[in-house]
Amino acid sequence: MATNGLNLECRMYEAKYPEVDHAVMIQVKSMADSGAYVSLLEYNNIEGMILFSELSRRRIRSISSLIKVGRIEPVMVLRVDKEKGYIDLSKRRVSEEDIQGCEERFNKSKLVHSIMRHVAETMSVDLEDLYIHVGWPLYRKYGHAFEAFKLIVNDPDSVLDTLTREIKEVGPDGQEVKKVAPAISDEVKDALVKNIRRRMTPQPLKIRADIEMKCFQFDGVLHIKEAMRKAEAAGNKDCPVKIKLVAPPAYVLNTQTLDKEQGIAILNKAIEACTEEIERHKGKLTIKEAARAVSEREDKLLAEQMAKLSRENEEVSGDEGSEEEEDTGMGEVDLENSGTGITE
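Residue numbers (the UniProt record's numbering): 1 to 344.
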């Protein structure tokens with residue numbers, strides 16, 4: 001919504017209307033007798049309609065199972081009447097390939113739009129003007145402004161300094177003359193670069209695997225400790241591996257990396273090294289949760305769980321030296337300094 005008369009609404013692309021036979025992302029707004037009214041999210045929410053006959057190739061038994069108010073999904077453009085503003089759409093004619101391409105393009109466009117709108121709002125410039133002089137020229141030159149924004153992260157001048165606008169000035173003789181000037185001011189440029197870097201600089205992914213490890217042999221703690229060392233040795237400087245005790249016999253392996261597939265492969269390699277070492281001493285390793293990317297929330301829950309277990313251990317530390325304490329297993333073992341022990 002506009003703030004203090006400032007226009008902060010604009011379509012994502014230069015064309016005012018989508019092309020026929022082009023997949024677009026829509027959100028269902030309301031239902032009518034013959035179809036559903038939708039908003040075209042990439043085209044500043046202009047209205048379109050999907051007739052019920054265009055919902056599915058199969059016989060329709062339940063309209064609500066095929067389309068619901070609020071749902072966001074790709075559809076195909078059938079007809080565009082630019083004079084009347086009518087846009088007819090089809091859900092049944094969009095292929096899996098169309099869906100995938102549309103979703104990828106929309107996710108990129110949505111990020112670009114979010115950055116552009118934030119800059120327009122914070123710098124008090126017209127959003128459409130910012131698109132005219134920055135966004136749409138980048139779409140034309142790079143295929144998608146998202147690709148240009150990726151380059152701006154490391155080298156903003158090579159991308160943004162090529163953009164210009166034509167301005168009119170009155171010369172000394174009173175005649176109007178045209179001059180070429182930078183597309184945006186230095187202040188707007190700095191704000192744009194700052195926002196692009198904040199939103200598009202790759203963030204390391206956290207990769208984690210959960211295992212159980214047991215060894216009933218004499219010096220079992222030492223064998224587990226050596227298996228943990230083998231696991232950590234499987235990492236590298238770009239993808240270091242750490243393994244931590246949660247509570248006997250549960251352990252977690254984790255790493256951070258920009259490359260998800262690499263991180264999973266490294267953790268799998270670490271698990272293999274750990275398994276080989278512990279089985280050499282007749283121990284056993286069981287994978288409880290395979291290597292996968294975890295969210296900040298999952299990481300936080302694990303940290304809270306480990307902190308809780310640590311507090312519980314501290315509460316019973318006054319019983320150290322008792323016979324019962326000697327049989328608690330790995331819960332109180334210092335893996336770095338212990339010499340003997342049996343775990344399970």
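Beta carbons are placed, not taken as given, at the ideal position from N, Cα and C, and that holds for glycine.
Hey, quick one: how far does the beta strand (DSSP E) through residue i stretch, first residue to last?
i: residue 79; result: 72-81
i: residue 268; result: Here residue 268 belongs to no beta strand (DSSP E); instead the alpha helix (DSSP H) covers 260-280.
In the DSSP assignment, what are the bridge partners of residue i?
i: residue 292; result: 208
i: residue 308; result: According to DSSP, which records beta bridges pairwise, residue 308 is partnered with nothing at all.
i: residue 165; result: 181
i: residue 254; result: 208, 242
i: residue 30; result: 37
i: residue 213; result: 285
So for residue i, helix, strand or coil by DSSP?
i: residue 84; result: coil
i: residue 348; result: The question about residue 348 has no answer here: the residues shown for the chain are numbered 1 through 344.
i: residue 39; result: strand
i: residue 8; result: coil
i: residue 345; result: Limits of the chain in this structure are 1 at one end and 344 at the other, which puts residue 345 out of reach.
i: residue 16; result: coil
i: residue 109; result: helix
i: residue 154; result: helix
i: residue 123; result: coil
i: residue 24; result: strand
i: residue 55; result: coil
i: residue 247; result: strand
i: residue 283; result: coil
i: residue 159; result: helix
i: residue 426; result: This structure cannot speak to residue 426, because the chain is shown only from 1 to 344.
Just the Cα atoms here: how many angstroms apart are residue i and residue j?
i: residue 112; j: residue 146; result: 6 Å
i: residue 288; j: residue 72; result: 36 Å
i: residue 301; j: residue 16; result: 47 Å
i: residue 153; j: residue 192; result: 10 Å
i: residue 209; j: residue 48; result: 47 Å
i: residue 130; j: residue 235; result: 46 Å
i: residue 11; j: residue 180; result: 26 Å
i: residue 230; j: residue 149; result: 41 Å
i: residue 330; j: residue 252; result: Summary for residue 330: the model assigns pLDDT 42, below 50, so the residue's position carries little reliability; its value from the coordinates is reported in the next sentence. When rounded, the distance between both Cα atoms is 15 Å.
i: residue 213; j: residue 304; result: 22 Å
i: residue 37; j: residue 96; result: 23 Å
i: residue 33; j: residue 58; result: 20 Å
i: residue 267; j: residue 276; result: 14 Å
i: residue 232; j: residue 280; result: 18 Å
i: residue 226; j: residue 274; result: 8 Å
i: residue 158; j: residue 151; result: 9 Å
i: residue 92; j: residue 67; result: 11 Å
i: residue 115; j: residue 175; result: 39 Å
i: residue 185; j: residue 167; result: 13 Å
i: residue 7; j: residue 122; result: 12 Å
i: residue 19; j: residue 140; result: 16 Å
By the DSSP assignment, the alpha helix (DSSP H) with residue i in it spans what residues?
i: residue 137; result: 136-142
i: residue 65; result: 63-66
i: residue 179; result: Counting along the chain, residue 179 falls outside any alpha helix (DSSP H), though it belongs to the beta strand (DSSP E) covering 176-182.
i: residue 128; result: 127-130
i: residue 187; result: 186-200
i: residue 221; result: 220-233
Please classify residue i as buried or exposed, where buried requires at least 16 other C-beta atoms within 10 Å of its C-beta.
i: residue 294; result: buried
i: residue 160; result: buried
i: residue 42; result: buried
i: residue 105; result: buried
i: residue 355; result: Limits of the chain in this structure are 1 at one end and 344 at the other, which puts residue 355 out of reach.
i: residue 77; result: buried
i: residue 54; result: buried
i: residue 278; result: buried
Compare the C-beta of residue i with all C-beta atoms of chain B and state if any pair is closer than 8 Å.
i: residue 313; result: Of the chains in the structure shown, none is chain B; there is only one protein chain.
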